[in-house]
Amino acid sequence: MTTVGTYNTLDGKGTVGDFADVLLLTEAIPAKVRAQVGKTHDVFVCERQPDLVIAVRRGLLTSVASTNYKKAHWGIPKVTPNRGTFWITGRMGDVKVALLVEHRINAAFAPFKRGEGLFRKTMWEMHTRMTLRIVRRLKKQGHTVYGGGDTNTPRGVSAYRGVLVEAGKGLDRLGSTRRLKGVQVLPRNGSDHHPLKATTGDRT
């Protein structure tokens with residue numbers, strides 16, 4: 005079993021902490037992540053979107069096959085930064101794994117508080133479809149997939165649409181090809197988001 009967690013650190017204002025084996029981090033400051041969990045976790049930073057960070061407990065990921073990034077859409081000044089999905093592939097023992105993190109655009113659902121309903125909804129949908137295509141391809145290649153991030157998905161809306169087993173009811177979600185058990189919503193630790201943690205069980 006592996007624990008997997010996701011956390012929006014609010015541009016580094018939140019403290020990450022060693023709360024899961026696999027940490028899928030958004031709005032992260034890489035130097036702060038390394039300072040906070042670098043002794044216990046290997047830290048992988050997305051070069052093209054450095055606020056996306058994956059940290060894996062040392063010794064858990066026995067090899068890394070690739071690091072990958074795909075842009076979902078360009079940013080617009082004063083509206084949204086660039087958005088994309090970051091993932092790494094490798095092995096945990098004899099199991100092929102893919103670890104994936106993303107931060108989808110916010111305010112994409114009614115009441116569209118920022119007044120850009122058409123743009124934001126379109127970009128959110130574009131990012132979601134792209135991520136699910138990536139996940140389907142990884143599953144077809146035989147990877148166990150652990151995904152998460154700030155999907156900006158409101159209560160009652162699915163982030164992974166049945167492609168992954170899903171945990172979480174708020175804006176942040178976890179997904180896995182394995183069952184998720186013992187879902188915990190942890191204290192904010194300086195962010196305006198709660199870290200989310202779950203334990204992965206048998207393959208579904």
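One rule links them: number in my numbering = place in the sequence shown (from 1) + 4. Backbone N, C-alpha and C define an ideal beta-carbon position, used for all residues, glycine too.
Taking the beta strand (DSSP E) that residue i falls in, what are its first and last residues?
i	result
residue 92	87-96
residue 53	Element bounds for residue 53: n/a, residue is neither H nor E.
residue 178	176-180
residue 9	6-12
Would you decide whether residue i is buried or exposed? Buried here means 16 or more other CB atoms lie within 10 Å of its CB.
i	result
residue 187	exposed
residue 5	exposed
residue 43	exposed
residue 66	exposed
residue 124	buried
residue 139	buried
residue 200	buried
residue 208	Model confidence at residue 208 stands at a pLDDT of 49, short of 50, so the residue's coordinates are unreliable and nothing is read from them.
residue 92	buried
residue 2	The chain is shown from 5 up to 208; residue 2 falls before or after that span and cannot be answered.
residue 145	exposed
residue 122	exposed
residue 156	buried
residue 37	buried
residue 198	buried
residue 170	buried
residue 180	buried
residue 99	exposed
residue 189	exposed
residue 112	buried
residue 52	exposed
residue 114	exposed
residue 18	buried
For residue i, would you say it is in contact with chain C, using Cβ-to-Cβ distances shorter than 7 angstroms as the test?
i	result
residue 140	Note that chain C does not occur in the displayed structure, where there is just one protein chain.
Starting from residue i, trace the alpha helix (DSSP H) both ways and give me its first and last residue.
i	result
residue 20	Note, residue 20: premise wrong, no alpha helix (DSSP H); not H, not E.
Measure how close the beta-carbons of residue i and residue j come, nearest whole angstrom, since I'm counting them as under 8 angstroms.
i	j	result
residue 210	residue 73	Outside the modelled stretch of the chain, which goes from 5 to 208, sits residue 210, for which no answer is possible.
residue 154	residue 176	5 angstroms
residue 77	residue 108	Between residue 108 and residue 77 the Cβ distance is about 10 angstroms, and since that is not below 8 angstroms, they are no contact.
residue 20	residue 13	6 angstroms
residue 105	residue 152	6 angstroms
residue 54	residue 34	6 angstroms
residue 8	residue 202	6 angstroms
residue 46	residue 60	5 angstroms
I'd like to confirm the pairing. Which residues does DSSP put opposite residue i in its beta bridges?
i	result
residue 173	In DSSP, residue 173 forms no bridge with anything.
residue 184	204
residue 77	87
Inside the segment 97-168 only - beta strand (DSSP E) runs reaching at least 3 residues: 99-107 and 148-154
In chain order, what are the residue ranges of uninterrupted beta strand (DSSP E) at least 3 long that sit wholly in the segment 27-73? 45-49 and 57-61
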